[in-house]
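Comments concern the structure below.
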Amino acid sequence: MASPADENYIVQGLSAPTTVRRENLEGAVTTELPEPAGADETDDGGDNDSALDAASLSSETTSLSSSVTKYREENGRRYHAYGSTEHWGPNDEQAQEQQDLSHHLWCLTLRGKLYLAPIEKPQSILDLGTGTGIWAMDMADEHPQAEVKGIDLSPIQPPWVPPNLKFEIDDYNLDWLDVEKFDLIHSRELLGTVPSWPDLYKKVFSALKPTGWFDQAEPGLFFTSSYDTLGDDHVYHQWGKLMVEAGQKSGMNFDIGPHLKGWLEDAGFINVTEIRVPWPIGNWAKDPHQQEIGVFNKIRLEQGILDFCSRRFSNNMGWKPEELEIFGIKMRTALKTRKLLAHQWAYFVYAQKPPST
1 MASPADENYI VQGLSAPTTV RRENLEGAVT TELPEPAGAD ETDDGGDNDS
51 ALDAASLSSE TTSLSSSVTK YREENGRRYH AYGSTEHWGP NDEQAQEQQD
101 LSHHLWCLTL RGKLYLAPIE KPQSILDLGT GTGIWAMDMA DEHPQAEVKG
151 IDLSPIQPPW VPPNLKFEID DYNLDWLDVE KFDLIHSREL LGTVPSWPDL
201 YKKVFSALKP TGWFDQAEPG LFFTSSYDTL GDDHVYHQWG KLMVEAGQKS
251 GMNFDIGPHL KGWLEDAGFI NVTEIRVPWP IGNWAKDPHQ QEIGVFNKIR
301 LEQGILDFCS RRFSNNMGWK PEELEIFGIK MRTALKTRKL LAHQWAYFVY
351 AQKPPST
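Mapping to full-length UniProt numbering: the sequence shown position 339 is 339, numbers consecutive.
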């Protein structure tokens with residue numbers, strides 16, 4: 001049974017925070033680089049991967065403070081108003097559909113699994129940066145015995161949710177009140193939104209129960225190819241350099257995937273495990289599962305490439321709208337070029353808080 005939105009939103013002040021084991025991953029997660037398919041192993045559509053009809057989630061008016069709902073408009077897109085930092089991601093309907101598409105890609109990568117931390121029946125779950133709330137809703141349905149909480153800067157979650165799920169409008173970069181409350185904390189796609197990862201991991205560590213688990217998934221920043229198809233000046237290389245620069249100027253790093261394991265170990269976590277999975281761009285992979293991942297990743301990137309960079313390039317690097325448009329055209333052209341045999345990496349990391357001493 002669902003609950004109405006006004007019973008699930010808790011608008012906090014500025015101080016509150018808002019299954020599968022590695023040994024069983026064989027056949028579930030493909031960690032090897034893709035092998036290209038032969039010309040007769042993909043359809044004649046070439047670069048025209050099948051489109052995705054994203055269901056638009058309805059919303060009802062919820063009584064929230066003006067600091068939360070007085071959104072900002074930039075470059076024709078809508079952004080959050082609440083919070084201590086300026087996040088790069090829009091929160092309008094187009095962005096919400098993009099988030100739900102990304103959720104499908106992450107679940108497809110894990111063949112339907114929602115997380116990798118080796119905990120089978122979590123009782124108290126926190127989702128950081130919950131967005132549309134789709135991961136939290138799936139977790140609440142999958143684990144009816146658990147209390148699930150999702151926090152985000154924007155009240156864009158649907159009005160009817162499982163009865164064991166609550167949403168809070170809050171900022172994970174501010175101080176948290178919860179101490180030793182959760183046995184599973186989850187985050188996904190927080191790249192470019194955190195001024196200090198060591199500080200965030202300290203909060204996660206404190207909020208977990210002893211022996212609790214933190215589970216994180218992040219897309220790699222760089223697009224590359226193992227088949228020598230990208231020249232030094234290719235737009236994919238420009239993308240990586242520009243996003244690194246944008247992260248440096250905003251004080252919030254986008255290139256975080258390779259560092260997560262080390263940061264978690266430095267924060268005191270044990271049993272830290274990293275799994276790196278290739279995401280093809282387009283339908284060029286021979287393996288059917290990797291080919292499907294590539295199709296959805298290409299759609300995600302084509303639809304969202306300017307969502308990822310527009311605010312940073314405009315506000316932190318001084319780009320004009322016409323420069324953004326030209327760059328977007330170049331990126332989408334590359335994304336449609338199947339012969340590049342390009343991919344990016346997806347990073348999955350999970351870590352455990354030690355037992356009490």
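Each residue gets a CB set at the ideal place from its N, CA and C atoms; glycine is no exception.
Output the distance between the C-alpha atoms of residue i and residue j, rounded to the nearest integer angstrom.
{"i": "Thr224", "j": "Gln238", "result": "11 Å"}
{"i": "Ile169", "j": "Glu74", "result": "22 Å"}
{"i": "Thr130", "j": "Ser187", "result": "8 Å"}
{"i": "Tyr250", "j": "Asp171", "result": "The sequence shown places Ser at residue 250, rather than the Tyr named in the question. The straight-line gap from Cα to Cα measures roughly 17 Å."}
{"i": "Leu177", "j": "Leu114", "result": "26 Å"}
{"i": "Trp279", "j": "Gly192", "result": "20 Å"}
{"i": "Leu208", "j": "Leu165", "result": "18 Å"}
{"i": "Arg311", "j": "Glu93", "result": "17 Å"}
{"i": "Asn315", "j": "Gln216", "result": "28 Å"}
{"i": "Thr69", "j": "Pro90", "result": "13 Å"}
{"i": "Arg72", "j": "Pro198", "result": "29 Å"}
{"i": "Phe313", "j": "Trp284", "result": "31 Å"}
{"i": "Met139", "j": "Gln145", "result": "10 Å"}
{"i": "Ser206", "j": "Asp127", "result": "15 Å"}
{"i": "Lys241", "j": "Cys309", "result": "12 Å"}
{"i": "Glu265", "j": "Tyr350", "result": "11 Å"}
{"i": "Lys339", "j": "Arg332", "result": "14 Å"}
{"i": "Ser226", "j": "Ala342", "result": "8 Å"}
{"i": "Glu142", "j": "Arg111", "result": "15 Å"}
Are there 16 or more other CB atoms within 10 angstroms of the CB of residue i, so buried, or fewer, so exposed?
{"i": "Pro261", "result": "At residue 261 the sequence reads Lys, which differs from the Pro that was named. By the 10 Å Cβ count, Lys261 comes out buried."}
{"i": "Ile326", "result": "exposed"}
{"i": "Gln291", "result": "buried"}
{"i": "Glu323", "result": "exposed"}
{"i": "Asn24", "result": "Caution applies to Asn24, whose pLDDT of 41 falls short of 50 and renders its modelled position unreliable; the value that the coordinates give is listed next. With fewer than 16 other Cβ atoms within 10 Å, it is exposed."}
{"i": "Gly150", "result": "buried"}
{"i": "Pro34", "result": "buried"}
{"i": "Arg154", "result": "Rather than Arg, the amino acid found at residue 154 in this sequence is Ser. Counting Cβ neighbours within 10 Å, Ser154 comes out buried, since at least 16 surround it."}
{"i": "Leu281", "result": "A small correction: the amino acid at residue 281 is Ile; Leu does not occupy that position in the sequence shown. It is buried - the Cβ of Ile281 has at least 16 other Cβ atoms within 10 Å."}
{"i": "Lys320", "result": "exposed"}
{"i": "Gly76", "result": "exposed"}
{"i": "Gln248", "result": "exposed"}
{"i": "Gly268", "result": "exposed"}
{"i": "Pro163", "result": "exposed"}
{"i": "Asp228", "result": "exposed"}
{"i": "Ile329", "result": "exposed"}
{"i": "Ile270", "result": "exposed"}
{"i": "Asp152", "result": "buried"}
For residue i, I'd like the list of residues in its chain whose CB is within less than 8 Å of its CB, leaving aside the five on either flank, ordered along the chain.
{"i": "Arg300", "result": "Gln98, Leu101, Ser102 and Leu105"}
{"i": "Pro210", "result": "Glu180, Lys353, Pro354, Pro355 and Ser356"}
Apart from the five residues just before and just after residue i, which ones in its own chain have a Cβ nearer than 6 Å to its Cβ?
{"i": "Leu184", "result": "Ile119, Pro122, Ile125 and Trp213"}
{"i": "Phe348", "result": "Leu116, Ala217 and Ile275"}
{"i": "Ser63", "result": "For Ser63, the pLDDT reaches just 42, beneath the cut-off of 50, and the residue's location in the model is therefore unreliable, although a value from the coordinates is still provided. Around Ser63: no qualifying Cβ."}
{"i": "Gly257", "result": "Glu218, Gly220 and Tyr347"}
{"i": "Asn253", "result": "Gly247"}
Could you confirm whether any beta carbon from chain D is found closer than 7 Å to the beta carbon of residue i?
{"i": "Arg276", "result": "Reference to chain D is not applicable here, since this structure consists of a single protein chain."}
For residue i and residue j, which I take to be in contact (beta-carbon distance under 8 Å), what is that distance rounded to the nearest angstrom?
{"i": "Lys286", "j": "Ala37", "result": "4 Å"}
{"i": "Gly346", "j": "Pro195", "result": "Residue identity differs from the one stated: residue 346 is Ala in this sequence, not Gly. Contact flag wrong, Cβ pair sits at about 24 Å."}
{"i": "Leu108", "j": "Ile293", "result": "6 Å"}
{"i": "Val272", "j": "Asp255", "result": "So it is not a contact: roughly 19 Å between Cβ atoms."}
{"i": "Tyr236", "j": "Ala81", "result": "Actually they do not touch by this definition, with Cβ atoms about 34 Å apart."}
Measuring from the CB of residue i, is there a heavy atom of the ligand NAD at a distance below 6 Å?
{"i": "Ser196", "result": "As for the ligand NAD, it is missing from this structure, which has no ligand bound."}
For residue i, I'd like the list of residues in its chain whose CB is within less than 7 Å of its CB, leaving aside the five on either flank, ordered along the chain.
{"i": "Thr30", "result": "Val277, Asp287, His289 and Gln290"}
{"i": "Phe222", "result": "Gly240 and Gln344"}
{"i": "Arg21", "result": "Residue confidence for Arg21 is low, a pLDDT of 37 falling below 50, so the modelled location carries little weight; the figure read from the coordinates is stated next. Closer than 7 Å at the Cβ level, and outside the excluded window around Arg21, lie Pro118."}
{"i": "Val204", "result": "Ile185 and Phe214"}
{"i": "Gly231", "result": "none"}
{"i": "Lys202", "result": "Ala267"}
{"i": "Asp307", "result": "Gly89, Pro90, Ala95 and Gln98"}
inquiry  = What ranges does the beta strand (DSSP E) occupy inside the region 119-191, keeping only unbroken runs of at least 3 residues that lie completely in it?
reply    = The region 119-191 contains these whole beta strand (DSSP E) runs: 124-128, 147-152, 165-169 and 182-188.
key: Ordered list of alpha helix (DSSP H) runs contained in the region 231-291, each at least 4 residues   = Residue ranges of uninterrupted alpha helix (DSSP H) with 4 or more members, entirely inside the region 231-291 and ordered along the chain, are 235-250 and 260-266.
ask   = What are the uninterrupted segments assigned as alpha helix (DSSP H) that are 4 or more residues long and contained completely in the region 65-124, given in chain order?
value = Entirely contained in the region 65-124, the alpha helix (DSSP H) runs reaching 4 residues are, in chain order, 66-69 and 93-109.
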